[in-house]
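For the sequence shown, the working numbering begins at 1169 and goes up steadily by one.
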Amino acid sequence: MIGVFAALAAFAIDQITKAIVVANAATFSARISVFPGFNLVFSRNDGVTFGMLGGAPWWSLTALALAICVWLAVMLFRVENAAETLAYGAIIGGALGNVIDRVRYRAVTDFLDFYIGTTHWPAFNMADVFVVSGVGLLLAAPWISARRPIKS
């Protein structure tokens, strides 16, 4: 249940934040400075990480993401520790959040813009945060969980 809850929470947070950004796209398009080194900005990415595969048919990236989510869901129900369960759930929820964008807009809504001086990291969204955090947690899970199984 931890993984399912994590997936639902990641998906909901992603969709709520994107809905706020899309509803205020005109304001966010002008970049809102939050503090030095961080802006909120409205942008769309039709590729994947860092814009790679930009211009690829939206449905192909959607199909790939869904296939990966199915594989991750199988893995989710096979793991035996809380850290891995949480990690898989975060990855699945984030990935599905971006899938919804691809279906609705044919691109992913990005709005988090970090920078140093004039060098900007590519904008990203909360789904990306959950995917990257989930992968990080998955890599650290053997040390975090101490191999304790989830109690049924």
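Each residue gets a CB set at the ideal place from its N, CA and C atoms; glycine is no exception.
Values in this document were obtained by computation on a predicted structure and should not be read as measured data.
query	result
Which residues in the same chain have their Cβ closer than 7 Å to the Cβ of Phe-1179, if we skip the five residues on either side of it in sequence?	Gly-1261, Leu-1264 and Gly-1265
Applying the 10 Å Cβ sphere with the 16-neighbour rule, what's the burial state of Arg-1270?	buried
Which residue marks the beginning of the alpha helix (DSSP H) containing Asn-1266, and which one marks its end?	1250-1273
Should Ile-1284 go down as buried or exposed, given a rule of 16 or more other Cβ atoms within 10 Å for buried?	exposed
By Cβ distance, which residues of its chain are closer than 7 Å to Leu-1234, with the 5 residues on each side in sequence left out?	Val-1267
Can you pull the DSSP bridge partners for Asp-1214?	Beta-bridge pairing links Asp-1214 to no other residue.
How big is the Cα-Cα spacing for Ser-1301 and Ala-1308?	10 Å
Please classify Ser-1320 as buried or exposed, where buried requires at least 16 other C-beta atoms within 10 Å of its C-beta.	With a pLDDT of only 49 at Ser-1320, under the threshold of 50, the placement of this residue in the model should not be trusted, and no figure is reported.
Please classify Phe-1138: does DSSP put it in a helix, a strand, or coil?	With the chain covering only 1169 through 1320, there is no way to say anything about residue 1138.
Counting only the same chain and skipping the five closest in sequence on each side, list residues whose C-beta sits under 7 Å from that of Phe-1210.	Val-1189, Ala-1193, Phe-1196, Ser-1197 and Phe-1279
Count the other CB atoms, across all protein chains shown, that sit within 10 Å of the CB of Thr-1185; report buried if there are 16 or more and exposed otherwise.	buried
Are the CB atoms of Phe-1282 and Gly-1165 within a distance shorter than 8 Å?	What is shown of the chain runs 1169 to 1320, which leaves residue 1165 out entirely.
Report all residues from its chain with a CB closer than 7 Å to the CB of Ala-1251; omit the five preceding and five following residues, and keep chain order.	Leu-1305, Ala-1309, Ile-1312 and Ser-1313
Who are the near neighbours of Ala-1258 in its chain, counting only those whose CB is closer than 8 Å to its CB and skipping five residues on each side?	Ala-1174, Ala-1175, Ala-1178, Phe-1298, Val-1299, Ser-1301, Gly-1302 and Leu-1305
Note the first and the last residue of the continuous alpha helix (DSSP H) segment covering Thr-1195.	1193-1197
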